[in-house]
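Counting in my numbering, the sequence shown runs from 4 upward without gaps.
Cβ coordinates follow ideal geometry from the N, Cα and C atoms, glycine included.
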Amino acid sequence: MFDGLKDKLSGFRSDVEENVDATEPDEEPTGDAEPAAGSSEAAEDPSEAAAEESPGGAESDSTVDSSGDEGDEADDEPSTFQRAKAFATGRIIIEEEDLEQPLWELEMALLESDVEMSVAERILDSVRESMLGESRKQVETTGELVESALHDALLDVIAVGQFDFEERIADAEKPVTIVFTGVNGVGKTTSIAKLSEWLADRGYSSVLANGDTYRAGANEQIAEHADRLGRELISHDQGGDPAAVIYDGVEYAAANDIDVVLGDTAGRLHTSDDLMAQLEKIDRVVDPDMTLFVDEAVAGQDAVNRAKEFNDAAEIDGAILTKADADSSGGAAISVAYVTGKPILFLGTGQGYDDLTLFEPEALVESLLGEE
Ligand SMILES: Nc1nc2c(ncn2[C@@H]2O[C@H](COP(=O)(O)OP(=O)(O)O)[C@@H](O)[C@H]2O)c(=O)[nH]1
Ligand SMILES: [Mg+2]
């Protein structure tokens with residue numbers, strides 16, 4: 004899952020490491036009695052030297068006034084002397100020029116991975132800001148600095164709108180009604196079956212309601228899942244009113260003490276007025292607790308665009324990205340929440356009923372950066 008993107012992110016780390024290594028001072032200042040490499044530099048710029056401690060923080064050279072303030076660290080362009088000193092004291096100073104090329108490569112890598120443009124820009128901005136701005140913190144290696152900058156930048160976009168799905172179910176008045184939307188063939192019906200199983204594993208009962216009254220064979224397909232899982236299915240004849248089916252599902256759940264109603268709908272494009280009007284009617288008649296947008300991770304940029312279009316046309320509460328098992332780019336997983344302001348709640352990771360994984364931004368970021 005997302006292997007292509009993982010490789011590209013680790014490429015950024017090594018690019019920065021290479022650049023920073025290449026510009027590190029040749030000689031390591033030691034702070035010994037002998038004037039170190041940095042000191043001769045310092046002599047050329049007394050004003051700067053005066054504001055600095057001697058390299059390595061040892062007793063200062065008598066020619067340098069060590070009482071000078073140490074608050075020079077806000078200077079945006081570290082001199083070679085500062086760099087040398089930072090190096091000796093275990094700090095790393097990254098200059099804009101060290102980042103220029105790696106950031107450009109990172110941007111290309113993100114865009115190639117189907118990360119949406121505004122999301123890629125946001126990631127670059129925060130990486131740049133944290134690497135330049137906070138580089139004077141004590142960190143052990145350049146690699147670590149890159150890693151923490153990337154970690155924070157990715158989490159910032161991936162975790163937008165995140166909420167605890169299970170807690171939401173637990174706290175809501177029962178039955179909780181969830182309606183699934185999205186285009187054809189992305190895995191809505193399969194995800195409903197998987198979610199029913201996920202809920203059962205956590206002690207919640209559910210009933211399936213087939214609001215896909217449009218497509219021939221839809222009743223049979225979902226009936227097969229319901230049979231296999233031993234769930235009740237509410238369905239009407241093909242051509243019926245989806246809002247009425249889901250309404251019946253809610254009535255059934257209320258009468259039978261069922262916790263959750265999972266309402267399927269026919270695949271649609273956000274541009275299909277008739278079908279979007281159906282969704283509005285479902286909203287009006289059933290007033291679902293959540294509307295989840297389903298799309299496939301492998302659709303990349305298309306999935307991101309559709310998520311935005313659906314959310315604009317009929318507001319969603321969250322998304323499920325299916326077929327993540329077949330997606331190496333990871334672009335949709337990174338972009339959907341930032342672009343819609345609504346969280347990804349689950350990833351579909353295969354065709355089995357257990358192949359549904361709660362979407363955890365922190366875990367995803369760690370896996371993308373190979374921290375697991
Ligand atoms: N590999 C993989 N296939 C999936 C996943 N989710 C759904 N599918 C497959 O995608 C196809 C379409 O699924 P379906 O639920 O009928 O899509 P719908 O038209 O949106 O209801 C089926 O063959 C599913 O088995 C997933 O997470 N991974
Ligand atoms: Mg379906």
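Item to complete: Kindly indicate which three-state DSSP category S199 falls into: helix, strand or coil?
Response: Counted from its first residue, the sequence shown places residue 199 at position 196. It is helical.
Worksheet item: Measuring CB to CB, does A335 end up less than 7 Å from V297?
Response: Against the sequence shown, residue 335 aligns to sequence position 332. Against the sequence shown, residue 297 aligns to sequence position 294. Result no, Cβ atoms of A335 and V297 do not sit closer than 7 Å.
Discussion item. Could you check whether the Cβ of T192 sits closer than 6 Å to any heavy atom belonging to ligand 2?
Written reply: Within the sequence shown, residue 192 is the residue found at index 189, counting from 1. Checking every heavy atom of ligand 2 against the Cβ of T192, one is found closer than 6 Å.
Discussion item. Considering only heavy atoms of ligand 1, does any lie closer than 6 Å to the CB of D357?
Written reply: Position 354 of the sequence shown holds residue 357. False, no ligand heavy atom lies under 6 Å from that Cβ.
Worksheet item: With distances taken from CA atoms, which of F313, A300 and D290 is nearest L278?
Response: Taking the first residue of the sequence shown as 1, we reach residue 278 at position 275. Closest option to L278, Cα to Cα, is F313.
Worksheet item: Along the chain, which unbroken stretches of the alpha helix (DSSP H) at least 4 residues long are found entirely within the region 285-322?
Response: 304-316
Worksheet item: Which whole-angstrom value describes the C-beta separation of S133 and D155, a residue pair presumed to lie in contact below a C-beta threshold of 8 Å?
Response: Along the sequence shown, one-based indexing puts residue 133 at 130. Along the sequence shown, one-based indexing puts residue 155 at 152. That belief holds up - the Cβ atoms of S133 and D155 are roughly 6 Å apart, short of 8 Å.
Discussion item. Beta-carbon within less than 8 Å of I225's beta-carbon, same chain only, minus the 5 sequence neighbours each way: which residues are those?
Written reply: The residue you call residue 225 lines up with position 222 of the sequence shown. T192, I195, A196, L211, N213, D215, L236, S238 and D267.
Worksheet item: Can you tell me the Cα-Cα spacing of A256 and I249, whole angstroms?
Response: Walking along the sequence shown from the start, residue 256 turns up at place 253. Walking along the sequence shown from the start, residue 249 turns up at place 246. Cα-Cα distance, rounded: 10 Å.
Fill in: Supposed close pair D292, T180 - CB separation, criterion 8 Å
On the sequence shown, position 289 is the one that residue 292 refers to. On the sequence shown, position 177 is the one that residue 180 refers to. Contact flag correct, Cβ pair sits at about 5 Å.
Worksheet item: Is the beta carbon of Y356 less than 7 Å from the beta carbon of E223?
Response: Looking up residue 356 in the sequence shown gives position 353. Looking up residue 223 in the sequence shown gives position 220. No, they are not a contact pair.
Item to complete: Spell out the partners DSSP gives D267 in its beta bridges.
Response: Position 264 of the sequence shown, counted from the first residue, corresponds to residue 267. Per DSSP, N213.
Item to complete: Compute the distance between the beta-carbons of D117 and S332, then report whether it is under 7 Å.
Response: Position 114 of the sequence shown, counting from 1, holds the residue named residue 117. Position 329 of the sequence shown, counting from 1, holds the residue named residue 332. Yes. Within cutoff.
Discussion item. By the three-class DSSP mapping on this structure, what secondary structure does G334 have?
Written reply: For the purposes of this step, residue 334 is identified with residue 331 of the sequence shown, where counting begins at 1. DSSP places G334 in helix when its eight states are reduced to three.
Worksheet item: When DSSP labels each residue in this structure, what does I181 get in the three-state scheme?
Response: In the sequence shown, counting from the first residue as 1, residue 181 sits at position 178. Three-state result, I181: strand.
Practice prompt. Would you mind stating whether T145 and V23 have Cβ atoms separated by less than 7 Å?
Written response: Against the sequence shown, residue 145 aligns to sequence position 142. Against the sequence shown, residue 23 aligns to sequence position 20. Yes, they are a contact pair.
Worksheet entry | Paired residues, beta bridge with F349 - DSSP | Position 346 of the sequence shown, counting from 1, holds the residue named residue 349. I323 and L361, per the DSSP bridge assignment.
Practice prompt. Could you tell me the distance, in whole angstroms, from the CA atom of S69 to the CA atom of E99?
Written response: Taking the first residue of the sequence shown as 1, we reach residue 69 at position 66. Taking the first residue of the sequence shown as 1, we reach residue 99 at position 96. Since pLDDT at S69 reaches only 44, below the 50 mark, its modelled position is unreliable, and the value read off the structure follows with that caveat. So the alpha carbons of these two residues sit roughly 29 Å apart.
Discussion item. If I follow the unbroken alpha helix (DSSP H) through S151, where does it start and stop?
Written reply: On the sequence shown, residue 151 is found 148 positions in, with the first residue counted as 1. Element bounds for S151: T145 to I161.
Item to complete: Assign E299 to buried or exposed, taking buried as 16 or more other Cβ atoms, counted over all protein chains shown, within 10 Å of its Cβ.
Response: Here residue 299 refers to the residue found at position 296 of the sequence shown. Its Cβ being crowded by 16 or more others within 10 Å, E299 is buried.
Discussion item. Please report the distance separating the alpha-carbon of R171 from that of K177.
Written reply: By 1-based counting over the sequence shown, the position of residue 171 is 168. By 1-based counting over the sequence shown, the position of residue 177 is 174. Their Cα atoms are separated by approximately 11 Å.
Worksheet item: Would you say the beta carbon of D298 comes nearer than 6 Å to a heavy atom of ligand 1?
Response: In the sequence shown, counting from the first residue as 1, residue 298 sits at position 295. For ligand 1, not one heavy atom lies less than 6 Å from the Cβ of D298.
Worksheet item: Per DSSP, I237 is paired with what?
Response: Taking the sequence shown and counting its residues from 1, the one referred to as residue 237 is at position 234. Beta-bridge pairing links I237 to A212.
Discussion item. Using the three-state DSSP reduction, which class does S275 fall into: helix, strand or coil?
Written reply: Start at 1 with the first residue of the sequence shown, and residue 275 comes out as number 272. Of the three classes helix, strand and coil, the one that applies to S275 here is coil, per DSSP.
Discussion item. Please classify A152 as buried or exposed, where buried requires at least 16 other C-beta atoms within 10 Å of its C-beta.
Written reply: Counted from its first residue, the sequence shown places residue 152 at position 149. That one is buried.
Worksheet entry | Cα-Cα separation, A247 to S129 | On the sequence shown, residue 247 is found 244 positions in, with the first residue counted as 1. On the sequence shown, residue 129 is found 126 positions in, with the first residue counted as 1. Roughly 48 Å between the two C-alpha positions.
Item to complete: Identify whether T33 lies in helix, strand or coil by the three-state DSSP scheme.
Response: Walking along the sequence shown from the start, residue 33 turns up at place 30. With a pLDDT of 48 at T33, under the threshold of 50, the modelled position of this residue cannot be trusted; read the value that follows with caution. Coil.
Discussion item. What I want to know is whether the C-beta of V301 ends up closer than 6 Å to one or more non-hydrogen atoms of ligand 1.
Written reply: Here residue 301 corresponds to residue number 298 of the sequence shown, with the count starting at 1. Not under cutoff, so the answer is no.
Worksheet item: Is it right to say A123 is buried, meaning 16 or more other beta carbons lie within 10 angstroms of its own, or is it exposed?
Response: Along the sequence shown, read from residue 1 onward, the residue named residue 123 stands at position 120. So A123 ends up on the buried side.
Worksheet item: Hey, is T325 close to ligand 1, as in C-beta under 6 Å from one of its heavy atoms?
Response: For the purposes of this step, residue 325 is taken as the residue at position 322 of the sequence shown. Yes, the Cβ of T325 comes within 6 Å of a heavy atom of ligand 1.
Worksheet entry | Three-state class that DSSP yields for Y356 in the structure shown | Numbered from its first residue, the sequence shown carries residue 356 at position 353. Three-state result, Y356: coil.
Practice prompt. Could you check what DSSP says for Y207 in three-state terms: helix, strand or coil?
Written response: Along the sequence shown, read from residue 1 onward, the residue named residue 207 stands at position 204. Three-state result, Y207: coil.
Practice prompt. Check each candidate in E147, R125, L135 and L198 and name the one with the smallest Cα separation from V163.
Written response: On the sequence shown, position 160 is the one that residue 163 refers to. Checking every option, the nearest Cα to that of V163 belongs to R125.
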